[in-house]
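Presented below is the structure to which this report refers.
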Amino acid sequence: MNKFELKDTAVSWVYEAATFIKDKMKQSIEVDTKSNKDDLVTDVDEGVEALFLEKLKETYPEHRLMGEEGSFESIKDLDGIVWILDPIDGTINFVHMESFFAISIGIFKDGKPLIGIVYDVMKDDLFVSVKGEGATLNGDQLLPHADRKLDEAIVSFNTGWLLKDRRLEEVVKHVRGTRSYGVAALEMAYVAAGKLDAYISYHLAPWDVAGGAALLDEVGGKMTNVKGEKLTFLEKDSLFAANPSIYDAIVDVSGITKD
Ligand code: IPD
Ligand code: CA
Ligand code: CA
Ligand code: CA
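Residue numbers (full-length UniProt numbering): 1 to 259.
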């Protein structure tokens with residue numbers, strides 16, 4: 001199968017899903033909770049996942065879908081082609097702010113990223129990568145990561161993680177600024193694009209990171225869990241994704257990844 005055709009098909013479905021989301025936003029959205037009161041899901045999240053399930057069944061019946069809203073349950077390995085989908089990343093932003101949320105897809109082949117797509121629906125920002133071909137933002141090629149200085153870096157993490165790992169205080173002290181956007185896929189895409197220099201989280205699922213990981217791979221970004229280990233894309237894990245020079249500088253000043 002041709003990777004460019006696959007990418008074009010996936011992008012066209014993402015645009016279709018975005019139209020569905022925007023139409024639903026003009027009507028009414030049903031909000032529910034999952035594991036706790038802050039773990040939101042809406043009928044729109046489920047609708048987007050259903051759209052991809054249906055499209056895949058019709059067009060690529062041999063591909064499998066690992067989506068957040070239920071279709072992950074049957075996926076125990078990443079053999080062959082697996083679409084790792086977050087139908088809406090940043091559901092809290094979607095519900096409260098009606099902006100700053102993304103559709104994220106990592107299409108993996110035998111466990112490795114082949115195609116990455118992260119689409120900021122309201123801003124109409126489309127990040128796309130194809131293995132070996134680099135990554136783009138709205139069609140413009142993203143540059144490979146060049147060295148940066150820590151005191152000129154912007155690092156993103158949810159502020160609550162400071163309560164869990166005090167080593168983050170050292171990061172706060174040494175960087176130019178910190179941000180919390182609440183949309184992991186987009187934060188990883190921003191790291192890929194050099195708009196942010198690092199993104200750190202202590203709990204993410206494969207669908208939060210798969211699209212962004214594909215983008216980062218294509219620009220030479222560095223990505224591990226906070227212990228410095230490789231991600232499996234099958235289990236929930238922490239994440240430390242960064243421009244490589246900033247990754248190393250953060251390790252030096254904070255000790256994150258050590259012990
Ligand atoms: C969440 C967002 C958020 C991250 C959470 C994720 P969801 O995904 O990516 O930024 O901090 O851990 O669960 O539930 O909105 O798709
Ligand atoms: Ca969720
Ligand atoms: Ca998510
Ligand atoms: Ca989600």
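Each residue gets a CB set at the ideal place from its N, CA and C atoms; glycine is no exception.
Check, Outcome
"Apply the 10 Å Cβ neighbour rule to Met-66 and answer buried if 16 or more other Cβ atoms are within range, or exposed otherwise.", "buried"
"With respect to the beta strand (DSSP E) encompassing Val-130, which residues constitute its N-terminal and C-terminal limits?", "125-130"
"Is it true that the CB of Gly-106 sits closer than 9 angstroms to the CB of Gly-211?", "yes"
"Pick from Lys-149, Pro-206, Leu-168, Asp-124: whose alpha carbon is nearest that of Gly-111?", "Pro-206"
"What does DSSP give as the partner residues of Met-25 in its beta bridges?", "Answer by DSSP bridge pairing: none, since Met-25 is not bridged."
"Tell me whether Lys-83 counts as near ligand 4, meaning its Cβ is closer than 8 angstroms to at least one heavy atom of that ligand.", "As written in the sequence, residue 83 is Trp, which differs from the Lys given in the question. Result no, Cβ not under 8 angstroms from ligand 4."
"Please go through the same chain and pick out, in chain order, the residues whose beta-carbon is closer than 6 angstroms to the beta-carbon of Tyr-190, but skip the five residues on each side of it.", "Leu-196"
"Verify the contact flag: Ala-185, CB atom, against every heavy atom of ligand 3, threshold strictly below 8 angstroms.", "yes"
"Nearest-angstrom Cα distance between Ala-242 and Val-48?", "29 angstroms"
"Considering only heavy atoms of ligand 4 and the C-beta of each residue, which residues fall inside 7 angstroms, strictly closer?", "Asp-45, Glu-68, Asp-86, Pro-87, Ile-88, Asp-89, Thr-91, Trp-207"
"Would you tell me roughly how many angstroms separate the C-alpha atoms of Met-188 and Glu-169, rounded to the nearest one?", "21 angstroms"
"In whole angstroms, what separates the C-alpha of Gly-177 from that of Glu-152?", "8 angstroms"
"How many Å lie between Leu-215 and Val-128 at the Cα?", "7 angstroms"
"Rounded to the nearest angstrom, how far is the Cβ of Val-31 from that of Glu-69, given a contact under 8 angstroms?", "Contact doesn't hold; Cβ gap of about 14 angstroms is too wide."
"Contact check, Ala-102 vs Ala-213 under 8 angstroms by CB: the rounded distance?", "No, Ala-102 and Ala-213 are not in contact; Cβ-Cβ is about 14 angstroms, not under 8 angstroms."
"Closest by CA to Gly-221, which one among Thr-159, Glu-58, Gly-134?", "Gly-134"
"Taking the alpha helix (DSSP H) that Thr-159 belongs to, which residues open and close that run?", "From DSSP, Thr-159 is part of no alpha helix (DSSP H); its letter is neither H nor E."
"Let's test the definition: count the other Cβ atoms within 10 Å of the Cβ of Lys-258 and tell me whether it reaches 16, buried, or not, exposed.", "exposed"
"Anyone know if the C-beta pair for His-203 and Ser-254 falls short of 9 angstroms?", "no"
"When you measure from the CB of Asp-39 to every non-hydrogen atom of ligand 2, does any distance come out below 8 angstroms?", "yes"
"Using 10 angstroms around the beta-carbon of Glu-58, count the other beta-carbons present and answer buried if the total reaches 16, otherwise exposed.", "exposed"
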